[in-house]
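Heads up: the structure comes next, in C-alpha cells.
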Amino acid sequence: MFRIVILFFAFCCIAELSNATPLNKWEISCGVDKGSIKKKGKTWTFTTSSNKCTGGTFSQRAEINSKSVDPNTKGTYVFSTMVSMKSERNEPFDIFQMHDGRNGCAPPLKVTVLKNNRFKLDADYKTGPGESCVRDVFSQRPTSVTFKRDGSPQKLQVVVQFLGSSQFNVQVALDGKLAAQGSYTPPEGDGYFKSKKFYFKHGVYSKNTFQYKLVSEGMTVKRARK
Numbered sequence: 257m258f259r260i261v262i263l264f265f266a267f268c269c270i271a272e273l274s275n276a277t278p279l280n281k282w283e284i285s286c287g288v289d290k291g292s293i294k295k296k297g298k299t300w301t302f303t304t305s306s307n308k309c310t311g312g313t314f315s316q317r318a319e320i321n322s323k324s325v326d327p328n329t330k331g332t333y334v335f336s337t338m339v340s341m342k343s344e345r346n347e348p349f350d351i352f353q354m355h356d357g358r359n360g361c362a363p364p365l366k367v368t369v370l371k372n373n374r375f376k377l378d379a380d381y382k383t384g385p386g387e388s389c390v391r392d393v394f395s396q397r398p399t400s401v402t403f404k405r406d407g408s409p410q411k412l413q414v415v416v417q418f419l420g421s422s423q424f425n426v427q428v429a430l431d432g433k434l435a436a437q438g439s440y441t442p443p444e445g446d447g448y449f450k451s452k453k454f455y456f457k458h459g460v461y462s463k464n465t466f467q468y469k470l471v472s473e474g475m476t477v478k479r480a481r482k
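Written as C-alpha cells, this is what we have:
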C-alpha cells in the first residue's frame with residue numbers, strides 16, 4: 257500500500273493539473289469571532305477564535321471549508337498553499353481536514369501538527385451519538401519533517417487519492433519533503449456512521465486555546481488529469 261502511495265505522489269508532482277470544483281470553493285466554517293478570519297485577494301489570515309461549531313470538545317477553531325464531493329469519487333486531488341505561522345507556544349492543532357459532517361469523533365482525515373511540530377494523520381470510526389468512537393484508525397507512516405512556527409513561509413501540499421467507496425490514500429508534503437502518508441478504509445458492518453460526502457477544511461483547530469497567526473497564500477485545489 258505505501259509503495260502505491262509513494263508512486264501516486266510522484267505522479268502528482270509532474271502530471272498536468274486542472275482546477276478542482278467544488279473542492280476549490282471555500283467559505284468560513286461555522287462562523288468565527290469577529291476578525292478572526294480575513295481574506296484579501298488570494299491570502300487568508302487566521303487568528304485565534306472560540307469554537308462555534310456544535311459537538312466535540314475542542315475549544316478553538318478558525319477554519320474554512322470547501323464544497324463537497326461524493327465519497328464514491330475517484331481521482332487524485334492536490335491541495336496546495338504557502339503557509340506561515342507565528343504562535344505563543346507549540347500547541348497541537350489541525351491544519352487540514354477532510355470531513356463528512358459528523359459530530360463528536362474525528363473525521364476520516366485530520367492532518368495534525370503535534371507539539372514537537374511533526375505531522376500526524378488521524379481518523380475515528382463513529383459508532384453512535386456523541387463521543388462514541390473507535391479512535392485513531394488511520395493506517396499511516398510518519399516522518400521527521402517538522403513545521404515551523406517562526407513566521408517562515410512553507411509550502412504545504414496534501415495529496416488525496418480517492419479510490420471510491422469512501423476509501424483513499426493521502427500524502428502530506430512540506431517544502432517538497434514527505435511529512436506524512438497513509439490510507440483510510442471505512443468500517444464495514446452495521447452500526448457505523450457512513451460518509452455521504454467529503455469536503456476539505458483548512459485553518460487552525462485545537463483542543464486548547466492559544467494565540468497564533470496563520471497566513472495561507474495562493475491556496476488551490478487541483479485534480480490530476482489522467
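Heads up: the sequence shown begins at 257 in my numbering, then just goes up one per residue. The beta carbon of each residue, even a glycine, is placed where N, CA and C say it ideally should be.
What three-state label does DSSP hand alanine 276 in the structure shown? Taking the first residue of the sequence shown as 1, we reach residue 276 at position 20. In this structure, alanine 276 counts as coil in the three-state DSSP scheme.
Quick check: is the beta carbon of serine 408 nearer than 9 Å to any beta carbon in chain C? Of the protein chains in the structure, only one exists, and it is not chain C.
Sequence-distant residues of the same chain with beta carbon closer than 8 Å to serine 315, five excluded per side: Counting from one through the sequence shown, the residue named residue 315 turns up at place 59. Taken in chain order, the residues that qualify are Ser306, Asn307, Ser462, Lys463, Asn464 and Thr465.
Excluding the five sequence neighbours on either side, which residues of its own chain have a C-beta within less than 6 Å of the C-beta of proline 443, listed in chain order? Here residue 443 refers to the residue found at position 187 of the sequence shown. The answer, listed in chain order, is Tyr381.
Consult DSSP for glutamate 283 and reduce its assignment to one of helix, strand or coil. Counting from one through the sequence shown, the residue named residue 283 turns up at place 27. It is a strand residue.
Taking only the alpha-carbon atoms, compute the straight-line gap between aspartate 350 and proline 363 and give it to the nearest angstrom. Here residue 350 refers to the residue found at position 94 of the sequence shown. Here residue 363 refers to the residue found at position 107 of the sequence shown. Distance between the alpha carbons of aspartate 350 and proline 363: 11 Å.
Select from Ala429, Arg479 and Met475 the residue whose C-alpha is nearest the C-alpha of lysine 295. Working through the sequence shown from its first residue, we reach residue 295 at position 39. Comparing Cα-Cα distances from lysine 295 to each of Ala429, Arg479 and Met475, the minimum goes to Met475.
Would you list the one or two residues that DSSP bridges to glycine 198? Outside the shown range of the chain (257 to 482) lies residue 198, about which nothing can therefore be said.
Output needed for glycine 447: all residues of its chain with C-beta closer than 7 Å, excluding positions within five of it in sequence on either side, in chain order. Taking the sequence shown and counting its residues from 1, one reaches residue 447 at position 191. Only Thr383 meet the Cβ criterion.
Keeping to the same chain, check which residues put their C-beta closer than 6 Å to that of serine 292; ignore five residues upstream and five downstream. The residue given as residue 292 occupies position 36 in the sequence shown. Cβ neighbours of serine 292 beyond the five flanking positions: Thr303, Ser305 and Ala318.
Do asparagine 273 and valine 334 have their C-beta atoms within less than 9 Å of each other? Residue numbering aside, residue 273 sits at position 17 when the sequence shown is read from its first letter. Residue numbering aside, residue 334 sits at position 78 when the sequence shown is read from its first letter. One detail in the question is off: residue 273 reads as leucine in this sequence, not asparagine. Result yes, Cβ atoms of leucine 273 and valine 334 sit closer than 9 Å.
With 16 as the cutoff for other CB atoms within 10 Å, does glutamate 347 come out buried or exposed? Here residue 347 refers to the residue found at position 91 of the sequence shown. Classification for glutamate 347: buried.
Applying the criterion that 16 or more other CB atoms from any shown protein chain within 10 Å of the CB defines a buried residue, is serine 322 buried or exposed? Sequence index remark: in the sequence shown, residue 322 carries index 66 (1-based). Under this definition serine 322 is a buried residue.
Quick check on the DSSP output: the beta strand (DSSP E) that includes serine 336 runs from which residue to which? Translated into positions along the sequence shown, residue 336 becomes position 80. Taken as a continuous stretch (DSSP letters only), the beta strand (DSSP E) holding serine 336 covers 330-343.
Output the distance between the C-alpha atoms of lysine 371 and lysine 404, rounded to the nearest integer angstrom. As a position in the sequence shown, residue 371 is number 115, starting the count at 1. As a position in the sequence shown, residue 404 is number 148, starting the count at 1. Lysine 371 and lysine 404: Cα-Cα distance of roughly 11 Å.
Would you list the one or two residues that DSSP bridges to valine 467? The residue given as residue 467 occupies position 211 in the sequence shown. Sequence inspection shows glutamine at residue 467; the valine mentioned does not correspond to that position. Looking at the DSSP assignment, glutamine 467 forms no beta bridge with any residue, so it has no partner.
Which runs of the beta strand (DSSP E) at least 3 residues long sit entirely within the segment 421-458? Give them in chain order. 423-430 and 433-440
Less than 9 Å between the C-beta atoms of asparagine 425 and leucine 434, yes or no? Position 169 of the sequence shown, counted from the start, is the residue given in the question as residue 425. Position 178 of the sequence shown, counted from the start, is the residue given in the question as residue 434. Going by C-beta atoms, asparagine 425 is not nearer than 9 Å to leucine 434.
Here's a check: name, in chain order, each residue in its chain whose Cβ is nearer than 6 Å to the Cβ of lysine 469, leaving out the five neighbours to either side. As a working mapping, residue 469 is identified with position 213 in the sequence shown. Same-chain partners within the cutoff: Thr303 and Lys342.
What residues in its chain sit with their C-beta under 6 Å from that of tryptophan 300, if we drop five residues either side in the sequence? Translated into the one-based positions of the sequence shown, residue 300 becomes position 44. Here the set comprises Ser472.
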